[in-house]
């Protein structure tokens with residue numbers, strides 16, 4: 052699909068999508084959801100295709116993506132915040148309250 056057509060269908064400007072494509076901007080979950088909808092794929096699939104998530108079937112991200120009780124927007128929010136929590140926490144395990 053041409054970039055202009057994708058921009059039109061996703062309701063995002065062509066220059067903004069071009070910046071995302073070139074790695075100059077990092078899209079929000081809302082933008083990713085709109086692009087995924089325009090491409091007729093799940094937002095999770097788009098995260099994997101964009102290299103923002105590894106495709107593994109036994110990890111937390113996979114469980115989030117396949118959770119039928121969460122909306123696509125909730126899934127995107129969880130997937131966006133999880134890596135920042137991991138970076139902040141480091142390699143620790145368990146809950147510390």
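Numbering (this note's numbering), first residue to last: 52 to 148.
Ideal Cβ placement from N, Cα and C applies to all residues, glycine included.
Remark: fewer than three beta-carbon pairs, one from each stretch, lie closer than 8 Å, so the stretch 54–74 and the stretch 111–126 are not flagged as touching. DSSP places residue 120 in the coil class of the three-state scheme, outside both helix and strand.
In its chain, beyond the 5 residues on either side, 94, 123, 124 and 127 have a beta carbon closer than 8 Å to the beta carbon of residue 84.
Across the structure, residue 71 and residue 121 are spaced so that their CA atoms are roughly 26 Å apart. Less than 7 Å separates the beta-carbon of residue 61 from that of residue 86.
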